[in-house]
Amino acid sequence: MDRPGPPAPIECTGLSRLFDGSILAVDGIDITFAAGRTTALLGPSGCGKSTLLRLIAGLEEPTAGQVRIAGEPPAALCRQGGLSIAFQDPCLLPWLTVAKNVALGRKLARQAPDPQGVDQIINLVGLGGFQNARPASLSGGMRQRAAIARALITRPRVLLLDEPFGALDALTRRQLAQDLPPLWQDQAATTLLVTHSVDEAVMLAHRIVILSPRPARVVADIAVPLPQPRNPESPAFRRIVGEILAQLARGGEMAQSLAAQ
Amino acid sequence: MTPAARWTGPAALLVLWQGLALAGGGWLLAGPSEVAGWLWSNPGLTTRAVAVTLANATCGFVLGNGAAIGLAVIAALWPRAQNLVAGLALVVFCLPLIATGPILRVLMGPGEGPQIVLAALAVYYTTLIPMLAGLRAIPSAWLDLVQSYGRGRWAELVHVRARASLPYLLAGLQISAPAAILGAMVGEFTGAERGLGVLTIRFTRDLDIPALWSMGVVAAGLSIAVYAAIGWAGRRVLPGTPPVILAPPRLIRGSPARRLADTALLAAAALTLWWAGIELLGLNPFFVKRPPDVAAAFFGSPDTRAALLDAAAKTLALAVPGYLAGLALGAGLAVLLSLRPGLAGLMVPLAVALRSIPIVTTAPLVVMLLGRGAAGTVTLVALMVFFPTFVACQQGLRQAPGPILDLFRSHASGPGRQMLHVRIPAMLPALFASARMSVPAAILAATVAEWLATGRGLGNLMALSASVSDYTMLWLAMVAVTLISAMIYGGIAWAERRVLLVMAPEQVRP
């Protein structure tokens, strides 16, 4: 599989976004994400995490500040097909088969067709044998697997994951969180993962950024120095989870909602 | 519905029809046996007429729907153009066929041109509106997906919107198939040489009752056949339930000032197209009047103005009650059938038959049966509005949210209360959509009745002006009818927004 380029660093400076002229969703964020690393963005619902992700994807224009990916505006990377995003909703086109939905990623990224690559990635995400199935006949977890396959098929330089397991039941969620991350970790794209789950963040990320309730500001920035694969029962893992929950507790109500999960 | 139940309704109708014909003693009412006899003894005449009408309707169907798809695609690629495209399309849709017919005839000569153009004019709007809705009826996340690869509106159209709009396109094509037949027949009325419309005019003059009823039956059969054929083809292409076309195209709304500017832009664009079209095509100024000619006739001559306003008042006095009666009957029958589903077997075929008989063949018959007074015209307008309203309201009643109905059932609320509090509010968007779309149809029905039968109002004024070559008056009447239709349409759209903001806000929000 050809690749549009090496993992790209992301730099946000003074990034703000106002909605309807008065609702501040993101407030003056300065942050840099190193190339090839996975960062989890943690914060309560509606805190502006998704807006931050959309700003980085170029789906929203900032009201102030700027985003630079490998020194260029996001649109430049998007046009090269170097960015993939997976949403909480799998966003599969209902009239296309799984294989064609995955191939659509390459088509939209203006990459040459690669039927073998498509077949391979579908097998890797665990959908082997469902190439010709349509989304309506798949379960929620299977659809999300197909959506991740579509995001990975272009071998993106930046991978944005907006609560990719958020709409799934707890069992499916655990299974997917176990099966899929190794795939994108292999690709070593610069990955941003928006999530509500502290365990998921500590499990997957090199670094965890905690955001405040709206407007989103950076509250804490925590490195996770554990080697992969990580054991969620290990004392080191639990210590980091505890540290994050303590950080979140300063947000009061926010911590309750997170600890409840 | 079991196969047996499906055929009881039509069979009962046939028996009823034959009974009425026998009771009437052959006066103005020809029964199925007489119709069959007439068709049996005139096979060549009928087949040739059907072939001509069907060919013209097909050409118009292709042209009109092609234009509709093109306009919808322009609006999808360039959203700022949508208000203007929809507005201009509405203005053209409101043009009275009775005035455009003779003008096209003098411009295009005695061939098939006017029939084809009128068929195209009759179909494009009912395809454009669902297409505009279909091209936008997609989750915004799909568009985010396309945008995240740095792709623009063209890629959105090719990869997402085109396929998503297909069910809407097929639904629009199905509705427009019988309309194409109607448009071709109106064209034939304006002085064609061959076709079903020509025969209908001839038999009306001769008062040949069995022949006239045979034309009605053939035209109705043809309309039902093309409606069913497109429906069948659509289901072959796209298995699954067709979409419910309720929501109006979401106009890009703004402040009152912005809306005023939009209206002014629309008026300017319409006038420019009208005037520039005449100059560019080099049309004969005797037949084709420019905006200043029409304005001068209206403001310069009190007699002309008085004649026009008098005719408009007479037309509206009958069109408005007929229109309201059609809406009430359509919504009422849909509610009744929802409460008493057993009646559907009898009522639905009757509704389909009433709708499918092209207005141009029904008009003389209805007016003959009910007289030249108000009753005939009002009935005809009501019939024209009734069927689309009935179908839309039936779909609307099914939109009632299941969980809320369950809530009512859990409180042991009967069907009546569910109807009043859940189903009827859920039906309102459909009722309004149908009320809007039916305005030009109601005006068409009223003017056709006036033209062919009652000899009064705007329809008569247009027919008279065409026959004495008073093209200034014809254009004036055409502009008046278009303005009246567009203003009533706008008024209903305004009321619709007001009501739906309270009753169904999800339909109105951008």
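So the protein lines, in turn, are chains H and L.
Here the first sequence is numbered in UniProt numbering, starting from 1 and rising by one per residue.
Here the second sequence is numbered in UniProt numbering, starting from 1 and rising by one per residue.
Cβ atoms here follow ideal geometry from the backbone N, Cα and C, with glycine treated the same way.
- Across the set Ala133/L, Val448/L, Arg456/L, Ala270/L, the C-alpha of Ala270/L shows the shortest separation from the C-alpha of Val91/L.
- Across the structure, Trp184/H and Ala75/H are spaced so that their CA atoms are roughly 22 Å apart.
- Residue state for Ala267/L is assigned as helix, using DSSP reduced to three classes.
- The DSSP assignment places 140-152 as complete runs of the alpha helix (DSSP H) inside the stretch 126-164 of chain H, in order along the chain (cut-off: 4 residues).
- The CB of Ala141/L comes closer than 8 Å to the CB of Phe87, Asp89, Cys91 in chain H, given here in chain order.
- Cα atoms of Ile85/H and Glu200/H: separation of roughly 18 Å, rounded to the nearest angstrom.
- Secondary structure of Leu90/L (DSSP, three-state): helix.
- Among the bridge pairs identified by DSSP, Cys12/H is matched with Ile31/H, Val67/H.
- Neighbours of Leu145/L across chain H, judged by C-beta separation under 7 Å: Cys91.
- The stretch 39-100 of chain L contains, as complete alpha helix (DSSP H) runs of 4+ residues, the segments 43-77, 82-94 (chain order).
- Under the 8 Å criterion on CB atoms, Leu159/H is classed as non-interfacial with respect to chain L.
- In this chain, the alpha helix (DSSP H) harbouring Ile230/L covers 209-237.
- Restricting attention to Ile103/L, Thr58/L, Gln82/L, the CA atom closest to the CA of Leu464/L is found in Ile103/L.
- Straight across, the Cα-Cα distance linking Gln111/H with Gly332/L is about 57 Å.
- Boundaries of the beta strand (DSSP E) around Ile208/H: 207-211.
- The beta carbon of Leu108/H falls within 8 Å of a beta carbon belonging to chain L, placing the residue at that interface.
- Contact check between the stretch 172-187 of chain L and the stretch 122-130 of chain L: three or more CB pairs, one atom from each, fall below 8 Å, which counts as touching.
- Using a Cβ distance threshold of 8 Å, Val98/H and Gln120/H do not count as a contacting pair.
- The alpha-carbon separation between Leu476/L and Leu343/L amounts to approximately 47 Å.
- Contacts between Arg163/L and chain H, judged by CB atoms closer than 7 Å, involve Trp95 in chain order.
- For Val219/H, the enclosing beta strand (DSSP E) begins and ends at 218-223.
- For Thr389/L, the enclosing alpha helix (DSSP H) stretches over residues 374-397.
- Annotated as proximal: Val422/L and Leu405/L, with beta-carbon spacing under 8 Å.
- Val237/L does not reach chain H, its nearest Cβ partner there being about 12 Å away, counting only Cβ pairs nearer than 9 Å.
- For the stretch 199-229 of chain L, no residue has a beta-carbon sitting nearer than 9 Å to a beta-carbon of chain H.
- Taking all protein chains in view, the Cβ of Thr482/L is crowded by 16 or more other Cβ atoms within 10 Å, so the residue is classified as buried.
- Rounded to whole angstroms, the separation of the alpha carbons of Ala25/H and Glu11/H is 19 Å.
- At least 8 Å separates the CB of Arg17/H from every CB of chain L.
- When secondary structure is reduced to three states using DSSP, Ile240/H falls in the helix class.
- When Ala11/L, Met478/L, Ala328/L are compared, the shortest CA-CA separation from Pro96/L is found for Met478/L.
- Under the DSSP assignment, Val158/L falls outside any beta strand (DSSP E); it carries neither an H nor an E label.
- By the Cβ criterion, the stretch 24-44 of chain H is not in contact with the stretch 123-138 of chain H, since fewer than three pairs of Cβ atoms, one from each stretch, lie closer than 8 Å.
- Taking a C-beta cut-off of 8 Å against chain L, none of the residues of the stretch 31-49 of chain H qualify.
- Of the other Cβ atoms in all chains shown, 16 or more fall within 10 Å of the Cβ of Met215/L; this residue is therefore buried.
- Here Ala136/H has Pro94 as same chain residues with Cβ atoms under 8 Å from its own Cβ, once five neighbours each way along the sequence are excluded.
- For Leu204/H, the uninterrupted alpha helix (DSSP H) run begins and ends at 198-204, by DSSP.
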